[in-house]
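Since the structure comes first, as C-alpha cells, the remarks are kept for the end.
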Amino acid sequence: MHQFISITETDLGRIPETYTKSIVPVTCRADTADSQPYNTFLDMDDDDQSEFMPDNMSISQQSTTDMASLRITEKDQTESGSPFDELVDRLLALPMSKAEGKFVPVFLCLYRKFAAPNLLLTAILAKFEKVDKSGEAQLTRVGEQLRYLQVLAQWTNEYPGDFSYPTTRNEIMAFVTRLEKSRVFTYAAKEINNYLEHVATDDDTGWAFHDGAEDDATIESAVSASSTTLVSNTSKASLHDSLKDTPADSKEDLGDASSRASMAPSSLGSALGASFSNSSQSLATLMTYEEASREAQLLIPHPRRKLDKTIWRQFMALPGEDIAREMTRIDWIMYSSIRPRDLIRHVSLTGEKKEKSRSLENVNRMISHFNHIALFVSSMILLRDKPKHRALALEKFMHIAWKLRQLNNYNSLGSVIAGINGTAIHRLALTRELVPPPVQKEFMRLVILMGTGKSHFAYRLAWDNSFSEKIPFLPLHRRDLVAAEDGNKTFVGPNGDRINWKKFDIMGDVIIEIQKSQEKPYPSMVRNDEILRLILETKFLDGDEDAIDPYQELYERSVQLEPTGAADAKKGFGWLRGRPAGFYAAAKLIEKNDDAIIDMYEKLPVPFGLVRFGVAPDHPEVKNCQDRFAEVAESPRFNFIGNVNLGVDIPLRVLRPHYDSILFSYGASEDRELGLPGERETRNIYSARAFVGWYNGLPEYRDLNPDLTSGEDAVIIGQGNVALDVARVLLSDIDVLRKTDMTDYALSTLASSRIKNVRIVGRRGPVQAAFTIKEIRELMQLPNVVNKTAIDFLTDEQISTLPRATKRLLQLLKKGQISTIPPDIPTSTLKSWSLDFLLSPKTLHFSQSPSSPPNTLTHMTFTQNQLSSPLSPTSPLLPTPEIPSTATLPCTTLFRSIGYKSLPLPTLTTDLGIPFDTSRGIIPNDPSGRIITKGTSGQEIPLPGLYAAGWVKRGPTGVIASTMMDAFVTAETILADHEASHKLNSMDHHYHHQQQNNSETKGGWPAVQSSAETEGFKIPRYVVTWEDWKKIDHAEIQRGKERGKPREKFGSVREMLAVL
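Numbering-wise, the sequence shown is residues 1425 to 2484 according to the working numbering.
Here is the structure:
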C-alpha cells in the first residue's frame, strides 16, 4: 500500500560553504539497520568534531567557515613571524596592557612547540647578565632583573617538569645558588628553589622540543638563528660576579643603598604575590591539580548493580537539582585535574602516542565520563517498557538539563543532550508524545544553545557571559585548539626560521579561558553518596562500555520498545516546490523508510531553488549539494513535478485526500521595506533579493534591468551576508564574473556599470552585524578595490574582551581599515567599499535638475544612532533625541537588504484550514515541525498530516545548515507520526479522531491529476519530470560551454519549456 507525501519550498538566503562533521547526533539519525548509532555519543579523540550536526553529513562537507578565524592565510604565514629572541624580550618585558598581560602564561604553556627548556633558560640568563652590564642606574637594573626573576619563578612554579633534564636542572640550580648570595635576590632564590624542590618528570618529550634530543644542535641553530649571541654561551663566571657584586659592592651613589637593598626582597615578594594572583597557576593551584587528580581517580565507574526498576525508582525519587549538583561536583573535580598543557598534548600527540601517554589520563578520564553520562541518560529512559514511564524519565532528564544550565555546567549539559538526542532515544515517538509540550520547548532552547550555528555562537555568548563558576563544553574548546594547531605552521618566514606567534596567540585565547574558569571553584559542593553510587556503580549494559560499539544494545532495545513502521503500508509524502529543505527532508525519508514515495511539487520547471537562484555565482563550491539532491531525485520512489503552481493551477484541497502527509517548505517571497516617504516611487531602489535573483536567472526578475549607470555611488542598507554578496558583485572585475554561471544579460549590465563606491550601512555596530569573516575577507581581496571602513570607536582593548569569533572578525576589520592605494594604480580605475555603522535611513533626496528624470536619487540622510551596550551582540539602540545628529551619504543607487517575509499560498487557509502568521511570515508549527492551530479554548492543536520546514517554518533566518537541520527534524517527525499511527490505529491517540485509514491506498500525483480534471481544473500543458529537467540542465551546460562558462541559465519559463 502506497504512502505519499507532498512538499512546498522556496528559500532565498545565505548558504554556508561547507559543513561540520558530527560527534553528537541530533534529531536526524537514520533509524535503519544500516545506520545504527555507532557514534551515538561524544568521541573527543576525533581530530575535527562538531557537537550537534547531523551525522549523515559527509566528511567532505565539514565546516571550515566557523574555523576561519583559527587559520592564518598563506600570505600571513609567509610574511609574518618573530625571531625567538624577540619573543623572549616580550616574555620579560613589563606588560603595558591587558592583552600583553596574558603573554607570559601563554608563552610558558606553549613555547615547547618551538624551543627546548634549556634554550629558553639560557636566553633568560643571558638577558639577566646583559641588564647587569647595561650601565643603567642601579635601581633600574635591579627592578628589571627582579621582573626577570618573577617570570622565572612563575615558570618553575607552573612547569617544574621543564627542569627535569639533568643539564637544565643543574644550570638553574647553580644560578639559584648564586642568587642566594645576593641580599637583593635572596627572596627570589628561595621562591624558585621551593618550586624546584617539587621533583617532576617531563611529560612533554613526546610532542614538544625537549632537552637531550639527538638533534638539539640543529634545533637550537634553527630557532636562534636571528637571536644574535644572547641565546648562546652565557658566561657563568661573569654572571656569578655580577650577582656577587650587586648591590653591596656597587660604587654608585644610591643614597641609602643598604636601606633600599634591604627592602628589595619584600618588594619582590609583593610583586611575585601579585604576579601569582594574576597568573593562572600558583603553587597552591598546582597542588590543587594533584589533589583533584587523586580524587578524580576515585570517580572512575565500577559497575556493580544491574540497572533495574528498583534503581529506576530510586533515580525518579531523587530531586533533579541534587542530581545536577552532584554531576557538576564530579565534573568540576575532573576539570580541575586538567592542566593547560594536558590539552595541548592531547591535540599534539598522535593517536598511538596519545594512548600510551600517562599524562593524558585526566583528559581521557573526562572524555570517558562524558560518554558515561550520555549512556546513563539513555539507559535510564529505555529501561521501562511502557511509554508513560519512559516519558517520565525523559522529562526528568530535560529538567536536569536546565539545572545544569543554571549551574553553568556546559559539559554535563552536552552529555545529557547527547543522551536524549541520540538515535536510540530520539526515535521514540510514542515516548516523546507524552512529554508536555512546554517541557519539550524549553529543552529545545538548550539544544539551540549548544548548537553549531554561526560557529557555536549561542554557546560562546553564554560562556563569555557566565561570570561566576563554570565548566566549559570541553569538546568545542579542544576543537578550537585542533583547528589552530593543524591549520597553521609553527615556523614561517623565507627560511622557515621565524616563529609564527599568531598561531600561538590563537591557542592562547583558548588556554586563558580555561585557566580563568579553573580559578573560580564551585562553593559548597557537598558530596551526595547516594547519587554518586547511582552514577558510578550502576551497570547499564550487558556488554562493556569500552567496547567498539557499546550502544548497539541500546539501539536494539529501542527498536524492541517502539518498532519501525510495518512494511505492509507504504507512505506517501508530498512536497510543494523542489528547494533545499524539501530535498533534505526527502533524502531522510527515503533513507529511513523503504516504502516512502515522494512527490515534490515545484512552481518552476527547474529544481534547487535557493541553491540555483540565491547562491553567489562566484561561490560554485556551495552548489555542490545539488549533486546530493540529484542522487535523491534518481530514486524510483521520488517524483519531481515541475511547472505546477499549487493553489493556482490546482487547489490544495485536491491534494489532501491523496497523500498521507504534506510538507510545506517554501521560503520568503516578499521584501521588507525601509518605510521612507517616496521609497516606492523613487528610481534606482532595488531589493537585494530581487537583484540576486536577477543576476542568477530567476525568471521572476528577468526584466528587473537595474540602472547602474546613473552615478558612481551605491548604498546597501543592511549588513548581512546577502548585502556583502551584492557589494562584491558590484565591485568585482567583470572578467572574473564572466567565468561564472551569471546570466549574460546580467553580465552585460554590470559591464556598463558606473558604480565605483559602495557603502554598506547598518543601524547598529560591528559587534551586532550579521556578516561573516569569510565574506569580509573576500571583499578585502578584491583587486583595485579600496576598503574605507573605519571602526576607531572601538579600542583594541575593548575588542580583546569579545568572544573569539567576534574578536577575530573585528581585528580583521581593524587591520584592513582604510587600505592604502597602490602607487602604480591610476586612481580613476579604483573602486571602494566601506561598512558604515550606527546609521538609520531618514530621508531620500532627489535631483533638482530639470534635465534629470523625476524621482532621481542623489543622496540620503541618516540618523546617527547610539547603542546602550556597544560590546553586546544584542544591544538595543538608545532612544533617538528630539534633535538627532545626522549624516549624509551620496547615493545614486540604493539596495535594501533588511529581511524578507513568506506569504501564504493561495487557498492555504480556505482549503486546508492552515493558519498563517502574517506578522512573522510563517505557518504556525511546534518545535518538531507539525503545523498547529488554536483550539476553542486557545490550546495548540496539531493538524494531522501537515508539516513545515525551511523559512516558512522558522522565518527567514539562518543559513543552509539551519534549513537542513529543521528539515531533518521535520522528516523524523513525519516518520514518527506514521509509525505511531500505524501502531496505535485502534487506540485513543492524539490524532486518532482525524486520522486517515492506514489501509487506504494513497494515489499520489496520478490521483491528483484525475481529481483535478474531474473538478474541471486545467493541468498545465507541460508538467516537467526529472527526466525533463535533465534535458534543460544539459541544454544550459551546452550553452555555457559555448561561452566559456559552467552554464548559461535560461532566464524565462518559456525558454526552459522550449527545450522539451
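Cβ coordinates follow ideal geometry from the N, Cα and C atoms, glycine included.
Asked, Found
"Where residue 1565 falls, given that 16 or more other Cβ within 10 Å makes a residue buried", "buried"
"Continuous alpha helix (DSSP H) stretch holding residue 2211: start and end", "Per DSSP, residue 2211 belongs to no alpha helix (DSSP H); it is in the beta strand (DSSP E), 2209-2211."
"Residue from 1821, 1925, 2197 whose Cα sits closest to the Cα of residue 1916", "1925"
"Beta-carbon spacing of residue 2275, residue 2282 below 7 angstroms", "no"
"Cβ neighbour criterion (16 or more within 10 Å) applied to residue 1873", "buried"
"Proximity below 7 angstroms, CB of residue 2300 to CB of residue 2098", "no"
"Residue burial classification, residue 2440 (beta-carbon count within 10 angstroms, cutoff 16)", "exposed"
"Assigned exposure category for residue 2343 - 16 Cβ within 10 Å defines buried", "exposed"
"Alpha-carbon spacing of residue 1829 relative to residue 2357, whole angstroms", "32 angstroms"
"Chain-order list of residues whose beta-carbon lies under 6 angstroms from that of residue 2258 (same chain, five-residue window excluded)", "2183, 2212, 2213"
"Residue burial classification, residue 1740 (beta-carbon count within 10 angstroms, cutoff 16)", "exposed"
"Spatial neighbours of residue 2463 in its chain, beta-carbon cut-off 6 angstroms, leaving aside the 5 residues before and after", "2472"
"Beta-carbon gap between residue 1636 and residue 1589 smaller than 7 angstroms", "yes"
"Spatial neighbours of residue 1755 in its chain, beta-carbon cut-off 8 angstroms, leaving aside the 5 residues before and after", "1790, 1793, 1833, 1835, 1836, 1895"
"Local Cβ density within 10 Å of residue 1521, reported as buried at 16 or more and exposed below that", "exposed"
"Enclosing alpha helix (DSSP H) for residue 1848 [first to last residue]", "1847-1850"
"Residue span of the beta strand (DSSP E) that contains residue 2063, given as start and end", "2062-2066"
"Contact under 7 angstroms by Cβ, residue 2191 with residue 2295", "yes"
"Helix, strand or coil at residue 2354 [DSSP, three-state]", "strand"
"Under the three-state DSSP convention, the category residue 2392 falls into", "helix"
"Cα-Cα separation between residue 2041 and residue 2150, rounded to whole angstroms", "11 angstroms"
"Classification of residue 1396 by the beta-carbon crowding that lies within 10 angstroms, buried from 16 upward", "What is shown of the chain runs 1425 to 2484, which leaves residue 1396 out entirely."
"Minimum length 4: unbroken alpha helix (DSSP H) runs contained in the stretch 2171-2237", "2197-2204, 2220-2224"
"Residue range of the beta strand (DSSP E) that includes residue 2264", "2263-2270"
"Which of helix, strand or coil DSSP assigns to residue 2447", "coil"
"Selection from 2474, 1526, 2469, 2444 that minimises the alpha carbon distance to residue 2455", "2474"
"Nearest-angstrom Cα separation, counted from residue 2115 out to residue 1764", "50 angstroms"
"Bridge-paired residues (DSSP) for residue 1839", "Looking at the DSSP assignment, residue 1839 forms no beta bridge with any residue, so it has no partner."
"Distance, residue 1956 Cα to residue 1785 Cα", "21 angstroms"
"Option in 1583, 2251, 2222 with minimal Cα separation from residue 2238", "2222"
"For residue 2344, three-class secondary structure by DSSP", "coil"
"Given residue 2038 as reference, the closest of 2162, 1580, 1918, 2124 once Cα atoms are compared", "2124"
"Residue 1784 - partner residues in DSSP beta bridges", "Note: residue 1784 sits in no beta bridge, so no partner."
"Residue 1552 in three-state terms, based on DSSP", "helix"
"Where residue 2025 sits in the DSSP three-state scheme", "strand"
"Environment of residue 2458 [buried if 16+ CB atoms lie within 10 Å]", "exposed"
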